[in-house]
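Visitor: The structure under discussion is supplied below as structure tokens; questions concerning it will follow.
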Amino acid sequence: MKQRRRRGYVRAFRAAFPYTIPVLTGYLFIGTAFGVMFQEKGYNFLWAILMSVLVYAGSGQYLAVNFFAPGVGFLNMIFMTFMVNVRHIFYGLSLLERFGRMGKKRLYMIFSLTDETYSLLCITKAPKDVPEDQFLFAVAVWDHLYWIAGSAIGAMAGALIPFNAKGIDFAMTALFIVIFVEQWLAGGKRIPAMIGVVSTAALRILFGGENFVLPSMICIMLCLIFGRRYIEEDIEKGVDGHAA
Amino acid sequence: MPLSVGHSLLIIAVVSVTTFATRAIPFLLFPKGKEIPPLIQYLGKALPPAVIGMLVIYCLKGVNLLTYPYAAPEIIAGTVVVILHIWKRNNLLSIGVGTVLYMVLIQQVFG
Numbered sequence: 001m002k003q004r005r006r007r008g009y010v011r012a013f014r015a016a017f018p019y020t021i022p023v024l025t026g027y028l029f030i031g032t033a034f035g036v037m038f039q040e041k042g043y044n045f046l047w048a049i050l051m052s053v054l055v056y057a058g059s060g061q062y063l064a065v066n067f068f069a070p071g072v073g074f075l076n077m078i079f080m081t082f083m084v085n086v087r088h089i090f091y092g093l094s095l096l097e098r099f100g101r102m103g104k105k106r107l108y109m110i111f112s113l114t115d116e117t118y119s120l121l122c123i124t125k126a127p128k129d130v131p132e133d134q135f136l137f138a139v140a141v142w143d144h145l146y147w148i149a150g151s152a153i154g155a156m157a158g159a160l161i162p163f164n165a166k167g168i169d170f171a172m173t174a175l176f177i178v179i180f181v182e183q184w185l186a187g188g189k190r191i192p193a194m195i196g197v198v199s200t201a202a203l204r205i206l207f208g209g210e211n212f213v214l215p216s217m218i219c220i221m222l223c224l225i226f227g228r229r230y231i232e233e234d235i236e237k238g239v240d241g242h243a244a
Numbered sequence: 245m246p247l248s249v250g251h252s253l254l255i256i257a258v259v260s261v262t263t264f265a266t267r268a269i270p271f272l273l274f275p276k277g278k279e280i281p282p283l284i285q286y287l288g289k290a291l292p293p294a295v296i297g298m299l300v301i302y303c304l305k306g307v308n309l310l311t312y313p314y315a316a317p318e319i320i321a322g323t324v325v326v327i328l329h330i331w332k333r334n335n336l337l338s339i340g341v342g343t344v345l346y347m348v349l350i351q352q353v354f355g
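Protein chains in written order, with the working numbering: chain A, 1 to 244; chain B, 245 to 355.
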């Protein structure tokens with residue numbers, strides 16, 4: 001029984017891998033950038049790995065590099081980390097039921113809910129021959145491993161990268177554009193998609209490049225709540241079979 | 245290292261717990277087994293497309309439309325990703341070509 005379950009996981013990891021390749025590309029390089037920054041502060045690859053294992057947040061870890069200096073207060077760290085991750089508060093709302101069916105793995109799924117993993121979980125559906133909980137878990141673990149590997153590489157060999165990698169982080173932007181286009185082509189959900197783009201763009205212009213995320217999330221929630229009647233019709237129209 | 249080992253470990257612990265807390269809040273508010281209110285169920289369905297739209301803009305937060313090169317690399321590479329993806333529907337192709345094109349644009353063309 002135990003062995004059959006283990007073989008199930010092997011299959012789940014194999015099935016999930018192709019879906020995670022875009023994140024592999026992005027995380028290796030964004031993770032590398034974190035490793036380089038952390039190493040420049042005087043922390044070697046073991047520290048970078050520890051941080052990526054235990055924290056696992058892109059912009060959160062970039063920010064946290066600044067905490068490793070004398071005189072930064074812990075309350076200040078908590079507040080700044082909270083603000084940079086504030087969008088994550090809303091992600092779980094879409095996954096309450098799916099994670100609820102995942103038993104012991106639920107805690108790890110919540111821990112590993114980054115932007116990229118969230119987006120993948122929302123648009124992918126487990127293949128028929130793989131149990132959903134194992135598939136979702138495999139996606140989350142793959143992404144986490146890429147992130148850890150990227151930060152280790154950056155801390156060990158960041159200076160040795162033989163080509164100019166400037167701009168490679170566009171892989172992440174391109175990933176979100178691709179997911180956006182996929183959703184759009186699937187039909188339905190176009191109204192909430194537009195609400196997301198338009199309100200974030202408007203509030204980015206209004207609030208500037210640093211403090212627009214929380215206002216954007218609030219604006220999105222309000223638009224979704226007030227437009228509920230129309231949006232629910234729009235969602236019904238969707239012909240896609242995606243779980244979210 | 246600018247700080248002691250103990251202090252550094254404590255920072256990692258604080259950042260780790262705070263990050264986890266932001267992700268865990270909805271699961272604490274609506275624990276397993278408790279009925280999820282219809283409004284929250286609706287938001288759970290409507291949020292992903294909106295959040296993905298937000299994340300596209302979030303990734304582009306550093307661009308400035310008013311100074312050179314007027315977001316041209318982002319607009320060109322982004323448009324190519326969209327067109328290529330509608331045409332071929334191949335994730336890796338769209339992301340790979342878009343990223344390489346963007347790198348060439350910011351390093352060579354507008355660099």
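Glycine is no exception: its CB is placed at the ideal position from the N, C-alpha and C atoms.
Gly8 (chain A) and Gln183 (chain A) - do their beta-carbons sit closer together than 8 Å?
Guide: As a working note, residue 183 (chain A) is residue 183 in the first sequence. As a working note, residue 8 (chain A) is residue 8 in the first sequence. No; because the gap between Cβ atoms is not below 8 Å, this pair is not in contact.
Visitor: Alpha carbon to alpha carbon, how far is Cys219 (chain A) from Ser199 (chain A)?
Guide: Along the first sequence, read from residue 1 onward, the residue named residue 219 (chain A) stands at position 219. Along the first sequence, read from residue 1 onward, the residue named residue 199 (chain A) stands at position 199. If I take the Cα positions, the gap works out to 7 Å.
Visitor: Are the C-beta atoms of Gly100 (chain A) and some chain B residue less than 8 Å apart?
Guide: Taking the first residue of the first sequence as position 1, residue 100 (chain A) is located at position 100. Answer yes: the Cβ-Cβ gap between Gly100 (chain A) and chain B drops below 8 Å somewhere.
Visitor: Taking only the alpha-carbon atoms, compute the straight-line gap between Gly196 (chain A) and Ile327 (chain B) and give it to the nearest angstrom.
Guide: In the first sequence, the residue the question calls residue 196 (chain A) occupies position 196. In the second sequence, the residue the question calls residue 327 (chain B) occupies position 83. Cα to Cα, the separation comes out at about 21 Å.
Visitor: Going by the beta-carbon positions, is the gap between Pro270 (chain B) and Ile191 (chain A) smaller than 8 Å?
Guide: Translated into the one-based positions of the second sequence, residue 270 (chain B) becomes position 26. Translated into the one-based positions of the first sequence, residue 191 (chain A) becomes position 191. In this structure, Ile191 (chain A) does not lie closer than 8 Å to Pro270 (chain B) by Cβ.
Visitor: Report, in whole angstroms, the separation of the C-beta atoms of Gly26 (chain A) and Met172 (chain A), which I expect to be a contact under 8 Å.
Guide: Numbered from 1 along the first sequence, position 26 holds the residue referred to as residue 26 (chain A). Numbered from 1 along the first sequence, position 172 holds the residue referred to as residue 172 (chain A). The Cβ separation is near 4 Å, so the contact holds.
Visitor: Counting only C-beta atoms, is Val258 (chain B) closer than 8 Å to chain A at any point?
Guide: If you number the second sequence from 1, residue 258 (chain B) lands on position 14. At least one chain A Cβ lies under 8 Å of Val258 (chain B).
Visitor: Determine which residues of the region 115-149 of chain A have a Cβ less than 7 Å from any Cβ of chain B, and write them out in chain order.
Guide: So the list reads Asp115, Ser119, Cys122, given in the order they occur along the chain.
Visitor: Hey, does Ser248 (chain B) have any beta-carbon neighbour from chain A nearer than 8 Å?
Guide: Position 4 of the second sequence, counted from the start, is the residue given in the question as residue 248 (chain B). No, because no Cβ of chain A sits closer than 8 Å to the Cβ of Ser248 (chain B).
Visitor: Answer yes or no: does any C-beta atom of chain A fall closer than 8 Å to that of Thr311 (chain B)?
Guide: Counted from its first residue, the second sequence places residue 311 (chain B) at position 67. No, Thr311 (chain B) lies away from the interface with chain A (no Cβ there is under 8 Å from its Cβ).
Visitor: Assess, as a yes-or-no matter, whether the region 137-155 of chain A is touched by the region 309-322 of chain B under the definition of 3 or more beta carbon pairs within less than 8 Å.
Guide: As far as the Cβ criterion goes, the region 309-322 of chain B does not touch the region 137-155 of chain A, which means the pair count is below three.
Visitor: Less than 8 Å between CB atoms is the rule here; does Gly60 (chain A) satisfy it with respect to chain B?
Guide: Start at 1 with the first residue of the first sequence, and residue 60 (chain A) comes out as number 60. Yes - at least one Cβ of chain B is within 8 Å of the one on Gly60 (chain A).
Visitor: Give the residues of chain B in contact with Arg228 (chain A), contact being defined as C-beta atoms less than 7 Å apart.
Guide: As a first step, residue 228 (chain A) is located in the first sequence; it is residue number 228 there, counting from the start. Residues of chain B passing the Cβ test: Tyr286.
Visitor: I'd like the ranges of any alpha helix (DSSP H) spanning at least 4 consecutive residues and lying wholly in the region 153-232 of chain A.
Guide: The region 153-232 of chain A contains these whole alpha helix (DSSP H) runs: 170-185, 190-207, 213-226.
Visitor: Can you tell me the Cα-Cα spacing of Gly277 (chain B) and Gly322 (chain B), whole angstroms?
Guide: Residue 277 (chain B) sits at position 33 when you count from the first residue of the second sequence. Residue 322 (chain B) sits at position 78 when you count from the first residue of the second sequence. When rounded, the distance between both Cα atoms is 43 Å.
Visitor: Chain B partners of Leu96 (chain A), CB-CB under 8 Å?
Guide: Here residue 96 (chain A) corresponds to residue number 96 of the first sequence, with the count starting at 1. Neighbours of Leu96 (chain A) on chain B, chain order: Pro270, Phe271, Phe274, Ile280, Ile284, Gly288.
Visitor: Could you tell me how far apart the beta carbons of Val55 (chain A) and Thr263 (chain B) are, in whole angstroms, since I believe they sit closer than 8 Å?
Guide: What you label residue 55 (chain A) is simply residue 55 of the first sequence in a count that begins at 1. What you label residue 263 (chain B) is simply residue 19 of the second sequence in a count that begins at 1. Between Thr263 (chain B) and Val55 (chain A) the Cβ distance is about 6 Å, and since that is below 8 Å, they are a contact.
Visitor: Would you verify that the beta carbon of Lys332 (chain B) is, or is not, closer than 8 Å to some beta carbon of chain A?
Guide: Here residue 332 (chain B) refers to the residue found at position 88 of the second sequence. No, because no Cβ of chain A sits closer than 8 Å to the Cβ of Lys332 (chain B).
Visitor: Flag this pair as yes or no: are the beta carbons of Tyr286 (chain B) and Glu232 (chain A) separated by less than 8 Å?
Guide: The residue labelled residue 286 (chain B) in the question sits at position 42 within the second sequence. The residue labelled residue 232 (chain A) in the question sits at position 232 within the first sequence. For Tyr286 (chain B) and Glu232 (chain A), yes; Cβs fall inside 8 Å.
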